[in-house]
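What follows is a set of notes on a single structure, which appears directly below.
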Amino acid sequence: MNSQSLSQKLNNGHRVITAWCSLQAPIVAELMARGGYEAVTVDMQHGAADFSAACETFSLLKLAGAHRVARIPVGEFSTASRLLDAGAELVIAPMINSKSDAEEFADAMKYPPIGKRSWGPMRAATLDGVSMVDYATTGNERTLALAMIETREAFDCLDDILAVPGIDGVFVGPSDLSLTLSNGANLDPLGQETMQIASQVAARTKAAGKIAGAFCLTQEHHDRFLEDGFSFLAYGVDMALILDAVGAQLASVSQKS
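Quick note: the sequence shown, position 162, residue 1135 per my numbering, numbers continuous.
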């Protein structure tokens, strides 16, 4: 089990690798945690998981000893608040392209005086093993808000986004970033310009004293991002891992028929 919160680990510079779950199958998320992932992210933007599945997943992740993370759909900041109440420790918001986007996200993620999150964390307090009174004084410290940097507009106003109270860090989406940098001409998440900008994001985020995260498509991606200073790294998507495992299993016996 985790003796430190996800917030404590990341704010202390500890590297955390999260699995990425796109299936509406909480048991798959649990198995990924039991397989060794320190955190598991429920993707509600491009994945199939709904709020009910996320709630069940968080309970199973608690049992498996993994940290609970979610990505919300674009602009659904009220969902971020509900996910926190359900027990999410970190929420990733996609397409944060301006200071005002970041402020809306932070408002949903933090209690006053930082934000405007409404009170109701009964499940979160239970999963964290604290009283409601304790959660009232530590809730803002326990939860992390990461704004996705995945467009040229977001990169251009990175410093403004990082300066918003309640934004704990950023999370680079290299695929969308490569698409916007090329004006839709290329999907090249490992391309030179994409990687150069990602490196700058990490440096400026660390200089601001905040958390730098990124989505990794390959081991090369992971190693480069780790070298650049990213500490919260998504590596391993449930659907891809299952397909790879099935292919490897069948390949091991295909020559024996």
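Beta carbons are placed, not taken as given, at the ideal position from N, Cα and C, and that holds for glycine.
Would you please state the rounded distance, in angstroms, between the beta carbons of residue i and residue j? I believe it to be under 8 Å.
i	j	result
Thr1178	Gly1142	6 Å
Met1082	Pro1046	With 8 Å as the limit, Met1082 and Pro1046 do not qualify as a contact, their Cβ atoms being about 15 Å apart.
Ala1006	Gly1048	Not really, about 29 Å apart at Cβ, beyond 8 Å.
Ser1051	Val1210	About 26 Å; that fails the 8 Å criterion.
Phe1031	Leu1100	7 Å
Return the CA-CA distance between residue i and residue j, expressed in angstroms with no decimal places.
i	j	result
Gly1008	Leu1057	25 Å
Ala1027	Ala1043	8 Å
His1040	Glu1126	31 Å
Ser978	Arg1115	7 Å
Asp1161	Val989	25 Å
Ala1221	Ala1181	44 Å
Ala1002	Asp1133	35 Å
Ala1218	Ala1075	39 Å
Val1103	Ala1109	10 Å
Glu1200	Trp1092	39 Å
Ala1224	Ala1066	39 Å
His1231	Ile1000	Because the chain spans 974 through 1230 in this model, residue 1231 falls outside it and cannot be assessed.
Taking residue i as the reference, give the member of the options with the closest Cα.
i	options	result
Asn985	Asp1129, Asp1211, Ser1204, Ala1221	Ser1204
Met1121	Gly1202, Leu1223, Ala1185, Ile1000	Ala1185
Ser1025	Cys1189, Gly1060, Phe1050	Gly1060
Glu1011	Glu1077, Ala1022, Asp1196, Glu1062	Glu1062
Lys1089	Asp1201, Glu1077, Leu1135, Ser1172	Glu1077
Asp1196	Leu1214, Ala1118, Ala1213, Ser1172	Ser1172
Val1064	Tyr1108, Pro1094, Gly1164, Phe1144	Phe1144
Ala1022	Met1212, Thr1099, Ser1227	Met1212
Ala1097	Ser1155, Leu1135, Arg1055	Arg1055
His987	Leu1135, Lys1183, Ser1148	Lys1183
Phe1128	Asp1149, Val1106, Ile1170	Ile1170
Phe1198	Ala1176, Ile1215, Leu1216, Leu1214	Ala1176
Near residue i, what residues of its chain come up, given a Cβ to Cβ distance below 6 Å and the 5 sequence neighbours on each side ignored?
i	result
Gly1146	Met1121, Glu1123, Phe1188
Leu1034	Ala1006, Val1013, Arg1041
Gln1208	First, the amino acid is wrong: residue 1208 is Tyr here, not Gln. Taken in chain order, the residues that qualify are Ile990, Cys1189, His1195.
Val1174	Ile1122, Val1145
Asp1149	Glu1123
Between which residues of its own chain and residue i is the CB-CB distance below 8 Å, once the five residues before and five after are set aside?
i	result
Cys1130	Asn1070, Ser1071, Lys1072
Ala1079	Ile1087, Gly1088, Ala1118, Val1137, Pro1138, Gly1139, Ile1140
Within the same chain, show all residues whose beta-carbon is closer than 7 Å to that of residue i, passing over the 5 residues directly before and after it, in chain order.
i	result
Asn1113	Lys1083, Tyr1084, Ile1087
Ser1151	Asn1159, Leu1160, Asp1161, Pro1162, Gly1164, Thr1167
Minimum length 4: unbroken alpha helix (DSSP H) runs contained in the segment 1200-1230: Within the segment 1200-1230, the complete alpha helix (DSSP H) runs of at least 4 residues are 1211-1227.
message: Which runs of the alpha helix (DSSP H) at least 4 residues long sit entirely within the segment 1008-1092? Give them in chain order.
response: 1024-1037, 1050-1059, 1072-1082
field: Within the segment 1137-1173, ranges of the alpha helix (DSSP H) (whole runs, at least 4 residues)
entry: Within the segment 1137-1173, the complete alpha helix (DSSP H) runs of at least 4 residues are 1147-1154.
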